[in-house]
Amino acid sequence: MSDRPDMRRELHFGDRVLACYADRPHSVFEILQQAVARYPDHEALVHDDRRLTYAQLDREVAAVAAGLARLGVGQGDRVAMLLGNGIPFVVVTYAAARLGAVTVPMSIRDQMPGIRHAITNSQAKALIVESEFAPLVPPGAETPDLKARIVVGPAVDGFSGYDSLSKTDASAAPAADTAEEDVATILYTSGTTGTPKGATLTGLGIVHSSTNFMRTMALGPDDTTIVVVPMNHVTGLVAGIHTMIRSGGCIVVQREFKAAGFLECAAREAMTYSLMVPAMYNLCLHKANLSDYDLARWRVGGYGGAPMPAATIERLAEALPGLGLMNAYGATETTSPATIMPAEHTAARRLSVGRPAPGAEICVMDEAGHEVQPGEKGEIWIRGAMVVPGYWRNPEADAREFTAGFWKSGDIGSVDADGFVHVHDRKKDMINRGGHKIYTAMVESTLVAFPGVVEAAVVAKPCPILGERVHAVVCTGPDGVDEAALSAHCAAQLADYQCPESFTIGTAPLPRNANGKILKRQIKSDLGFDDT
């Protein structure tokens, strides 16, 4: 599995023999503790006018951990988080880790149904939410396990204030003794059935993935990143927060991506490392002139979620000759990277997602469960210390999607003779909107719940900037439906990026095959959409 001298084979999760880094932190909290011990006076976290050193961050984490403990949060309890990018997100992440509690980050772009499911399925004991999102929190009768509601920002009735957490004596909450295989974070990822599944990220997986990013991208205490992708997503959480703390570097926080604002911040803070989706790099080129900014220290440009267009690679190389672009392929279930592309191969192998990351084992399997030959296509299966042990309270999904330690990705790919991995097709029916992966079953179930809708199919509409957008084809009854009302219905049930941005509405039945399956390929062809 690995011939690297810094790794060894170990037994984990009962019967998995995995290649692991021999010298590593043994918990998520220890990632922070090692950085604090080595670089106490280095800048760790910046957001607007707040700048925290590692020692200051550690003190804030200890205080918030003590406050959570005072509210009854202990080892193994789940702490739900409805927080945008900001210092509280980072502090709560490590405060929960200090207690041995499990964080449950939720998307601030989600609506009440998704938020309710994450809180109730995880049986969260505490919730920390920004005041502007408090109206999305279900009432107490619908969340019986939730014992503490904490608000960041202006006061909200029924919530205690976040600032009050830090008023407890920090020594009242000593660090818990956690095992590496304990669940550290639950991230909800939608499946093809449309029901979100809670992927259980462990301390071992988070440590391994953050170490992979740190070593393959040669990151250290002199590096600075801007985390502009959502911190509640596996990329922002692992590739952004945990990787930079593991490296002893500095995290600069941005709430949302605007090309000019990002580039201004990158120049001001001397950013060296980024990890974004290709659409963000495209927007930097389209919305601004890179020569107007001092970006001389920007040396690592990680990306994932979609292929990087050749024109984008060429324009970035011309404008920023010192920037190395590195593709990374993975998923929530792989705690981020399963493959990483060395920068020197990016231009020549643009359509590959790189080689297996250290410790990752990738097999391409046919439908009978046999490994295929190099260059042949099949389903990508992934095993390694970074792969989650399963889903939270979902044994049916565990049995379906995991076998012998491998996670079955559902992606169709191949591995060439040089060991480079290629992903040819996305998971069935999935739409990739600027790196946001959207499962059409969830959108379709929302559409058909609207009065007057008989059936619906959701397909990808090509977009030169985002790659794909969401298009809905709707079959209605004879009275039809109002498109604006249908759109508003979706906006109330789905995250904004999941909502259809265009519609085809009519009374004609959707095309189906002999087995009654909707023919999405025919629908896309009829609409003039390229079926890649």
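Take any residue in the sequence shown, note its place counting from 1, add 23, and you have its number in this note's numbering. Quick reminder that beta carbons are idealized off the backbone N, C-alpha and C, glycines included. The structure presented is a predicted model; accordingly, all values stated were derived computationally and were not measured.
Check residue i in the structure and name its three-state DSSP category.
{"i": "residue 545", "result": "helix"}
{"i": "residue 164", "result": "helix"}
{"i": "residue 394", "result": "strand"}
{"i": "residue 455", "result": "strand"}
{"i": "residue 374", "result": "coil"}
{"i": "residue 537", "result": "The pLDDT assigned to residue 537 is 44, lower than 50, so where the model puts this residue is not dependable; a value taken from the coordinates is nonetheless given after this. Correct three-state label for residue 537: coil."}
{"i": "residue 111", "result": "helix"}
{"i": "residue 215", "result": "Residue placement at residue 215 is poorly supported in this model, since its pLDDT is 41, which falls under 50; the coordinates are not used for a value here."}
{"i": "residue 158", "result": "helix"}
{"i": "residue 51", "result": "helix"}
{"i": "residue 280", "result": "coil"}
{"i": "residue 466", "result": "helix"}
{"i": "residue 221", "result": "strand"}
{"i": "residue 460", "result": "strand"}
{"i": "residue 368", "result": "helix"}
{"i": "residue 24", "result": "Unreliable placement is indicated for residue 24, whose pLDDT of 45 sits below 50; the coordinate value is still reported in the next sentence. In the structure shown, residue 24 sits in coil (DSSP, three-state: anything other than H, G, I, E or B)."}
{"i": "residue 522", "result": "coil"}
{"i": "residue 555", "result": "Any reading at residue 555 needs caution, since the residue's pLDDT is 46, under 50, leaving its predicted position unreliable; the model's value is listed next. Residue state, collapsed to three classes: coil."}
{"i": "residue 39", "result": "strand"}
{"i": "residue 245", "result": "coil"}
{"i": "residue 570", "result": "The requested residue 570 is not part of the displayed model; the chain covers only 24 to 555."}
{"i": "residue 304", "result": "helix"}
{"i": "residue 445", "result": "strand"}
{"i": "residue 117", "result": "helix"}
Taking C-beta to C-beta, are residue i and residue j nearer than 8 Å?
{"i": "residue 123", "j": "residue 99", "result": "yes"}
{"i": "residue 543", "j": "residue 480", "result": "yes"}
{"i": "residue 294", "j": "residue 251", "result": "no"}
{"i": "residue 102", "j": "residue 78", "result": "no"}
{"i": "residue 546", "j": "residue 496", "result": "yes"}
{"i": "residue 375", "j": "residue 482", "result": "no"}
{"i": "residue 14", "j": "residue 54", "result": "As shown, the chain starts at 24 and ends at 555. That puts residue 14 outside it, with no answer to give."}
{"i": "residue 257", "j": "residue 130", "result": "no"}
{"i": "residue 185", "j": "residue 141", "result": "no"}
{"i": "residue 289", "j": "residue 249", "result": "yes"}
{"i": "residue 82", "j": "residue 191", "result": "no"}
{"i": "residue 265", "j": "residue 44", "result": "no"}
{"i": "residue 304", "j": "residue 324", "result": "yes"}
So residue i is in the alpha helix (DSSP H); what residue range does that whole segment cover?
{"i": "residue 138", "result": "135-145"}
{"i": "residue 434", "result": "Careful: residue 434 lies outside any alpha helix (DSSP H), inside the beta strand (DSSP E) at 429-438."}
{"i": "residue 3", "result": "Residue 3 lies beyond the range of the chain shown here (24 to 555); nothing can be said about it."}
{"i": "residue 270", "result": "266-270"}
{"i": "residue 363", "result": "Counting along the chain, residue 363 falls outside any alpha helix (DSSP H), though it belongs to the beta strand (DSSP E) covering 359-363."}
{"i": "residue 334", "result": "333-342"}
{"i": "residue 356", "result": "No alpha helix (DSSP H) holds residue 356; DSSP gives it neither H nor E."}
{"i": "residue 512", "result": "506-516"}
The beta strand (DSSP E) spanning residue i covers which residue range?
{"i": "residue 498", "result": "490-499"}
{"i": "residue 296", "result": "296-299"}
{"i": "residue 560", "result": "Nothing in the structure corresponds to residue 560, since the chain is present only between 24 and 555."}
{"i": "residue 101", "result": "101-105"}
{"i": "residue 525", "result": "525-529"}
{"i": "residue 478", "result": "476-486"}
{"i": "residue 125", "result": "125-128"}
Of the residues the options, which one's Cα is nearest the Cα of residue i?
{"i": "residue 161", "options": "135, 177, 155, 179", "result": "135"}
{"i": "residue 127", "options": "317, 109, 360, 146", "result": "146"}
{"i": "residue 69", "options": "113, 351, 85", "result": "113"}
{"i": "residue 285", "options": "361, 317, 486", "result": "317"}
{"i": "residue 49", "options": "358, 106, 200, 164", "result": "200"}
{"i": "residue 26", "options": "384, 141, 132, 97", "result": "384"}
{"i": "residue 222", "options": "133, 140, 153, 357", "result": "357"}
{"i": "residue 60", "options": "524, 244, 429, 186", "result": "244"}
{"i": "residue 378", "options": "157, 80, 164, 441", "result": "441"}
{"i": "residue 271", "options": "246, 261, 52", "result": "246"}
{"i": "residue 438", "options": "343, 522, 362", "result": "362"}
{"i": "residue 158", "options": "105, 304, 117", "result": "105"}
{"i": "residue 332", "options": "382, 490, 183", "result": "490"}
{"i": "residue 349", "options": "336, 341, 47, 342", "result": "336"}
{"i": "residue 115", "options": "31, 517, 194, 208", "result": "208"}
Provide the residue(s) that pair with residue i in DSSP beta bridges, ordered along the chain.
{"i": "residue 350", "result": "326"}
{"i": "residue 70", "result": "73"}
{"i": "residue 30", "result": "44"}
{"i": "residue 382", "result": "According to DSSP, residue 382 bridges with nothing at all."}
{"i": "residue 183", "result": "173"}
{"i": "residue 388", "result": "394, 402"}
{"i": "residue 150", "result": "103, 172"}
{"i": "residue 209", "result": "223"}
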